[in-house]
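Novice: One structure follows; several queries about it will come next.
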Amino acid sequence: MPEMDVALKETMQIDGAVGAALVDHTSGMALGTVGGGKDLDLTVAAAGNTDVVRAKLRAMEMLNLTEKVEDILITLDTQYHLIRPLGARSGRGLFLYLVLNKDRANLAMARHQLRAIERTIDI
1148 MPEMDVALKE
1158 TMQIDGAVGA
1168 ALVDHTSGMA
1178 LGTVGGGKDL
1188 DLTVAAAGNT
1198 DVVRAKLRAM
1208 EMLNLTEKVE
1218 DILITLDTQY
1228 HLIRPLGARS
1238 GRGLFLYLVL
1248 NKDRANLAMA
1258 RHQLRAIERT
1268 IDI
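Residue numbering for the sequence shown is 1148 to 1270, as defined by the working numbering.
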């Protein structure tokens, strides 16, 4: 899937990017990963964040909210974890997952760039 590979490489160009993945939230499997390392296992993170996405979607359903989730932000001491469900019809059930170094990242710009990258993905 060349579009996915290109999108993940572009994601790593975002200031402060440490790792990124495209994840299927129905299975918890990472379809593609880039970056990470010994301190960040992106396949484990993908599976764990699948639970976060499922929980949020379940809560929205129980609250009868019909809005879409733009992104989910998890703030740690030294990192931002951004989860962006894909909105295009071809991306249903998928989300982009991006880990940023908090000291080097501009969160507003990262959200803007991730939104632009999302639009280029056609799976």
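Glycine is no exception: its CB is placed at the ideal position from the N, C-alpha and C atoms.
Need the endpoints of the alpha helix (DSSP H) that T1190 sits in, please.
Specialist: The residue you call residue 1190 lines up with position 43 of the sequence shown. Counting along the chain, the alpha helix (DSSP H) containing T1190 begins and ends at 1189 to 1209.
Novice: So which of R1262, T1197, M1207 has the shortest CA-CA distance to G1234?
Specialist: Here residue 1234 refers to the residue found at position 87 when the sequence shown is read from its first residue. The shortest Cα separation from G1234 among R1262, T1197, M1207 belongs to R1262.
Novice: Please determine, among L1220, D1162, G1182, L1210, the residue with the shortest C-alpha to C-alpha distance to V1334.
Specialist: Any answer about residue 1334 is impossible in this case: the structure gives the chain only from 1148 up to 1270.
Novice: For G1184 and A1192, what's the separation of their Cα atoms in angstroms?
Specialist: Along the sequence shown, one-based indexing puts residue 1184 at 37. Along the sequence shown, one-based indexing puts residue 1192 at 45. So the alpha carbons of these two residues sit roughly 12 Å apart.
Novice: Taking G1240 as the reference, give the member of V1165, T1197, L1212 with the closest Cα.
Specialist: Here residue 1240 is taken as the residue at index 93 of the sequence shown, counted from 1. G1240 has its Cα closest to that of T1197, out of V1165, T1197, L1212.
Novice: Alpha carbon to alpha carbon, how far is D1188 from G1195?
Specialist: In the sequence shown, residue 1188 corresponds to position 41, counting from 1. In the sequence shown, residue 1195 corresponds to position 48, counting from 1. Computed Cα separation, rounded: 11 Å.
Novice: Measuring alpha carbon to alpha carbon, tell me which residue in D1162, M1209, F1242, T1222 is nearest L1178.
Specialist: Reading the sequence shown from its first residue, position 31 is the one you call residue 1178. Comparing Cα-Cα distances from L1178 to each of D1162, M1209, F1242, T1222, the minimum goes to F1242.
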